[in-house]
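If you read the sequences in order, they're chains A, B and C. Heads up: the first sequence begins at 1 in the working numbering, then just goes up one per residue. Heads up: the second sequence begins at 360 in the working numbering, then just goes up one per residue. Heads up: the third sequence begins at 708 in the working numbering, then just goes up one per residue. Just so it is clear, CB atoms sit at the ideal spot from N, CA and C, and this is done for glycine as well. This structure is a prediction, so every number in the text was calculated from the model and none was measured. What follows is a single structure, written as structure tokens, with notes after it.
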Amino acid sequence: MQNHKSGFSAFLGKLVRQQYFIPLTALVLLALFNLIADPAFFKISITTNSAGNAVLSGTPITILDYGSELAILAIGMTLVTSASKGQDISVGAAVAIAGSFILRMLCGGDSSSGTLHMPIICAFLLGCVVAMLFGAFNGVLVAFFKIQPMIATLILYTAGRSIAAWFNNNELPIIKDATFSYIGGFIPGIPIPTPFFIAVLCMVIITLVLRFTNLRLYTEAVGINENSARLNGLNPSAIKILSFVILGLCVAVVGLIKVSRVSSINYSVIAKDIEMDAILAVALGGNSLSGGKFNMATSVMGAYIIQFLTQTLYKYKVPSEALPAYKAVVVILLVVMSAPTVREYFSNLMKKIKVKEAA
Amino acid sequence: MSKNNSSASSGGLRGKLNNMTDTNMLLMITIIAFFLMYIGAMIFLGGGFLRTQTFFNILNANAALIVLSCGLSLVMITGSIDISVGGVTALITMCCAVYLDNMGGNVAVSVLIALAIGLAFGAFQGALVAFLDIQPFIVTLAGMFFAKGMTTIVNSNPFNVSNESFTALKNTRIVVPGMGFVNPKGIYVDAYVEIGVIVALLVVVVMFCMLRWTKLGRAFYAVGGNVQSALMLGINVKKTRFLAHLFCGLLSGIGGYVYFLHSGNGAVTNAAGAEMNAIASSIIGGTMLTGGVGNIIGTFFGVLSFSTIQNIVTSAGLDEAWWTGITKAVILCLFLVIQSIVMSRKKK
Amino acid sequence: MILEKQEVDLGVSEDIVLKMRNIHKRFPGVYALQGVDFTLRRGEIHALMGENGAGKSTLIKVLTGVYTKDEGEISIEGKTVAIHSPQQAQNAGISTVYQEITLCPNLSVAENMYIGRTAGIRQNWKKVNADADKILQSLDIPAKATQQLSSCSIAVQQMVAIARAVDMDCKVLILDEPTSSLDEQEVAKLFKLMRDLKARGVGIIFVTHFLDQVYEVCDRITVMRDGQLVGEYVIEDLPRVQLVSKMLGKELNDMDDISGEYQTYERKEGEAPVFEAQGLASDSGIKPFDFHINKGEVNGFTGLLGSGRSECVRAIFGADRVTHGSVKMNGKPVKITKPIDAMRNGIAYLPEDRKVDGIVGDLSVRDNLILAAQVLKGFMKPFSKAEANKFADEYIKLLSIKTASADTPIKSLSGGNQQKVIVARWLLTHPEYLILDEPTRGIDVGTKTDIQKLVLKLASEGMSVTFISSELDEMLRTCSRLVVMRDLNVVGELTGADMNQSKVMSTIAGGEKKNAES
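Here's what the structure looks like:
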């Protein structure tokens, strides 16, 4: 009996230490809750959308659709967290900037004509450059001026939406081109939302990058021990800036998806509070918010789980403005659970229990 | 222009400045910068800036910000940060509004509600930061989102408060003797401030005395200056940190109510970005993000400078909405970079 | 002056203020204090000496309540005291002034002297300032009570810390390396203050690495080595060569006879040195020095802790910011401003502090092992999994690194094995010139010998090695040339027959009391 118990607890302990544990538990809990409360949550049906295409719809599809944006941001946020030991809170504002800039490029100077002034890909690439520049700006503040990442990005967090409005002279450009709406919607003939494919593409790219470059080794080394990294020939500042630039790239992609969804932009609402979700995705993925080793896959999982949570809350008529309150509770729970003092307390408690068991 | 002047004067006074404390030096720079800027605006922009009421309106509009900035200066001096103050302010306005109008409450109790909400946030965040050693930024970021979310849960639509005794209080104007002006029609108009301004000035005085002369006040500086040293000197660091957040919470309670008195409505958009304004004001006022350096008088002038800059930007014809946001960010960025350079020089 | 000192000594020498008896302290894997006794008399300045790992800082920390002793007894003025926290130590009358100022630079001098000492909210600052000024004056400290501490020089800040201690009625004052960041004049002022306090009957424990200073102010010396007490001596009975030999653990007599086994090196004609530096200096404070090393040679920097030996190699590797000097590799001038430059030129550097500068704790043994070679190879060219595994297996076997697997995080390995991983990391880069700064510190004896053997083997294969160790034995056994350092200066170079312990120690110790004459 005793033996069996200890074997089981050892197994549990091993499971808990796995990085997949937190996101998987959250996923299972959410799924179970919805399954019991209302199985219709998982219903997927085929409907015809406004463009006349047969597409899949239902909550799981919505999760895939909107979770993809988050997943893309989570990729960049994971790198920034690892290298700089802090988070970028300007991603929402930066998405607004990138989206606004892309629209501006597409419309030329004329915001109401709706015709494309340049190929979408060109506008997107220019958007990437702009977003990466803003990322580099954050990176320089963090790496060279040694400002805490969250304070440094507070600058762009404040200015971002204003800059976005400034790019378009506060007008709301509207794109009437149908192809543009494919990016954030559906490509004719394919019933799965395009953002999911984009997210998959991003994941494939980052996997390849992590596989065929030393991005992981360098980033983790800088995040864990900057001194040592420097003495091994690395340039910690450059690597921190690089992580912010990569996040900038992710931001541009999300910006493109966001503006494509509505073929326009609303400066004050676009990607609102998304920084919170992105940080939460990283934390939920079991990654330490104070930098160091990271796991990209669990971060991406975390992103979809956040969207799952969001959809569940929507389902129970929680207005979108109230969502942050619930997510804040999740964040607090996560950071409290991972706080060293709390962990120590629990491990001591476990030891005491074990001693009692033995006695 | 003002920047040139202040840097030139600091060059000439270098010998004297070196003997000055960090706090005093930054304070002097802030105050001089403010006056230069305001006088510059009077000379070059004229118009509104020549009227005394413009100045008092800056005070009226920013009374809440002054209180909130005092709270932020306090936590920043202790080496921490609180970005939930804007959210908490919004929550307070909404709770008080709902209480006064929908529940027919009285004004005194609504004040208590505001203070209780502020204290609750301060205590909870402070406990997590001080006793569990969690990064203050993450904790208060969550606090900010929680407060904003709660605001819409309490009531999703913004509305104006019509409670009579409250509106009476809100519209109370306190005449500033001898500071009035003669309007274009040749009639003398008294200059006035709102009740909130009196509260804010009281807060400034009390906070200044507390930080300057009490043991606790000096303990805040000690902890912010060097945690290790503070420990060795026999200061209870955890308690001090907790108290800093608790006081900041209390001040966001007071600031929240002052905001409510000025705006007279409950809305989730109330005090949007106030945390950033407060941080910027504190930094302009000479409070160091790294902790240990700062002065409440400086913060007061920081708020004035910060809002005057915005006024100037608007008066100078850049009145599109985005200019305010961009100007604020540029100023914040500038001061952050200056601080960072000052700090790195000091280390050498 | 001398007369005065003797008077004090004779008058109260047996008046014991602090007695530590049979102190034991164990850490996981380290037996840091093995039954140490220490006695301090009223009105004496007592030097506590010892090299790295001698246990003197552990002893101090036990005394100041930072660590709790496992066994033993501490008594103050005959009364046994329990010390579990810095607060208790202060209450018991033990005050400490550290090398790093433990005051708040952003507060005023008076505030630093009085904060945290009494309960309550209000403080009568007028009275506090007046009191502070009185004490400062009586101790002749050039500071005003209302002045901000950061506007005082480091020396004055230290004196303020001492003033705080004095005002708290301290009976035992510990000065932990107070002089390492002071210039000569400041040191003189500090010594004057110390003598003042001594005259007032305060017992002072003085920890320093500077021999001159010990002989200038101290009355007694306690020497520790490897967690044990070597002995307590009256200063006049212990010439400095003797002191050095006691610290290093070698008797002077048994040294000269074993010089035969030491390494010699013959330089081939017409061959430029592998590395050559002229007038090299960095922002760490070392004075410009010249240095060279030939192919296949093993040389070493020696000197006491804090003498600048690590700073020299850090400057060579570009780890500190180089301010002066030029370097040549194989006769060709090269520019080394940051570590990567040095690495590209075939220099490898194992840093002194393994935890802070060496290991990347959370990464696996494999990642730690390939890190430097990987950085050299380039960002776009990672080693394949197979290659990385091959390297890891090869070096784990070659250096017999004890680890569960190559995937184990390096922080869970023992110190010696961590060090081997770092050595392996640099061997993997196939350097021409390998710098090992204290590779044997804090690791078990077996690993120490392994590393020394490895150094000799590498040298025989043509690699140039600079080897630094606090243990003179090791250096003499492995090096064919020693650069001797004292107080951030290169003071001598020993080769061949001069390479024996007594010669090394007398060079380290330097001339007897040059300062006293001037």
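query = Which of helix, strand or coil does DSSP assign to Met462 (chain B)?
reply = coil
task = Check the Cβ-Cβ distances between Thr809 (chain C) and every residue of chain B, and say whether any is below 7 angstroms.
result = yes
query = How would you list, in chain order, the residues of chain A whose beta-carbon sits under 7 angstroms from the beta-carbon of Ser699 (chain B)?
reply = Phe145, Lys146, Ile147
query = Using a beta-carbon distance below 7 angstroms, is Phe694 (chain B) in contact with chain A?
reply = no
task = Give the single residue among B:Gly508, B:Thr526, B:Ala475, B:Gly430 whose Cα lies nearest to the Cα of Ala328 (chain A).
result = B:Gly508
query = Tell me the DSSP bridge mates of Lys176 (chain A)?
reply = The partner list for Lys176 (chain A) (beta bridge, DSSP) is empty, contrary to what the question assumes.
task = Could you tell me which of C:Leu747, C:Ala1079, C:Thr1136, C:Glu1145 sits nearest to Ser228 (chain A), measuring between CA atoms?
result = C:Ala1079
For Val1190 (chain C) and Glu1200 (chain C), believed in contact at Cβ under 8 angstroms, the rounded distance = 5 angstroms
message = Can you check whether the C-beta of Ser439 (chain B) is within less than 7 angstroms of a C-beta belonging to chain C?
response = no
ask   = Using DSSP with H/G/I as helix, E/B as strand and the rest coil, what is Ser1017 (chain C)?
value = helix
request  = May I have a chain-ordered list of the beta strand (DSSP E) segments no shorter than 3 residues that lie completely inside the region 215 to 282 of chain A?
outcome  = none
Straight-line Cα distance separating Ala94 (chain A) from Gly1025 (chain C) = 38 angstroms
Asn729 (chain C) versus C:Ile723, C:Glu778, C:Lys768, C:Ala754, residue with shortest Cα-Cα distance = C:Glu778
query = Among the residues of its own chain, which have a CB less than 6 angstroms from the CB of Asn542 (chain B), if the five just before and after it don't count?
reply = Val548
inquiry  = Taking the beta strand (DSSP E) that Ser90 (chain A) belongs to, which residues open and close that run?
reply    = First-last for Ser90 (chain A): undefined, no H or E at that position.
task = Using the Cα positions of Ile965 (chain C) and Asp1205 (chain C), report the straight-line distance between them to the nearest angstrom.
result = The pLDDT assigned to Ile965 (chain C) is 41, lower than 50, so where the model puts this residue is not dependable, and the model offers no usable value.
Within 7 angstroms, strictly: CB atoms of Gly614 (chain B) and Val426 (chain B) = yes
query = Where do the N-terminal and C-terminal ends of the alpha helix (DSSP H) with Glu983 (chain C) fall, by residue?
reply = Here Glu983 (chain C) belongs to no alpha helix (DSSP H); instead the beta strand (DSSP E) covers 982 to 989.
query = Are the C-beta of Asp1086 (chain C) and some C-beta of chain A separated by less than 7 angstroms?
reply = The sequence given here places Phe at residue 1086 (chain C); Asp does not occur at that position. Taking Cβ atoms only, chain A reaches closer than 7 angstroms to Phe1086 (chain C), which makes this a yes.
key: Residue range of the unbroken beta strand (DSSP E) whose run includes Val652 (chain C)   = Examination of residue 652 (chain C) is not possible in this model, given that chain C is present from 708 through 1225 alone.
message = Please report whether the beta-carbon of Gln1236 (chain C) lies at a distance below 7 angstroms from any beta-carbon of chain B.
response = In the structure displayed, chain C extends from 708 to 1225; residue 1236 (chain C) sits before or after that span and is not available.
query = With distances taken between CB atoms, is the gap from Asn813 (chain C) to Tyr616 (chain B) smaller than 7 angstroms?
reply = no
ask   = Contact check, Pro849 (chain C) vs Val863 (chain C) under 8 angstroms by CB: the rounded distance?
value = 6 angstroms
ask   = Taking the beta strand (DSSP E) that Gln741 (chain C) falls in, what are its first and last residues?
value = 737 to 748
inquiry  = For Thr765 (chain C) and Pro324 (chain A), what's the separation of their Cα atoms in angstroms?
reply    = 50 angstroms
Met396 (chain B) in three-state terms, based on DSSP = helix
key: Interface partners of Lys327 (chain A) on chain B, CB under 9 angstroms   = Ala501, Phe504, Phe505, Gly508
query = How about Met901 (chain C) and Lys763 (chain C): do their beta carbons lie closer than 7 angstroms?
reply = no
request  = Following the continuous beta strand (DSSP E) through Pro536 (chain B), name the residue where it begins and the one where it ends.
outcome  = 532 to 541
ask   = Looking at the structure shown, is Tyr314 (chain A) part of a helix, part of a strand, or coil, going by DSSP?
value = helix
ask   = Pairing CB atoms from the region 421 to 436 of chain B with CB atoms from the region 628 to 644 of chain B, are three or more of them under 8 angstroms?
value = yes
inquiry  = Quick check for students: name the residue ranges of the alpha helix (DSSP H) that lie wholly in the region 571 to 598 of chain B, counting only runs of 4 or more.
reply    = 574 to 584, 586 to 591
key: Within 7 angstroms, strictly: CB atoms of Met132 (chain A) and Leu242 (chain A)   = no
inquiry  = In whole angstroms, give me the CA-to-CA distance for Leu284 (chain A) and Ala83 (chain A).
reply    = 18 angstroms
ask   = Name the chain C residues that come within less than 8 angstroms of Ser641 (chain B), Cβ to Cβ?
value = Ordered by position in chain C, no residue passes the 8 angstroms Cβ test against Ser641 (chain B), which lies about 16 angstroms from the chain.
request  = Establish whether the CB of Asp1064 (chain C) and some CB of chain A are separated by less than 7 angstroms.
outcome  = yes
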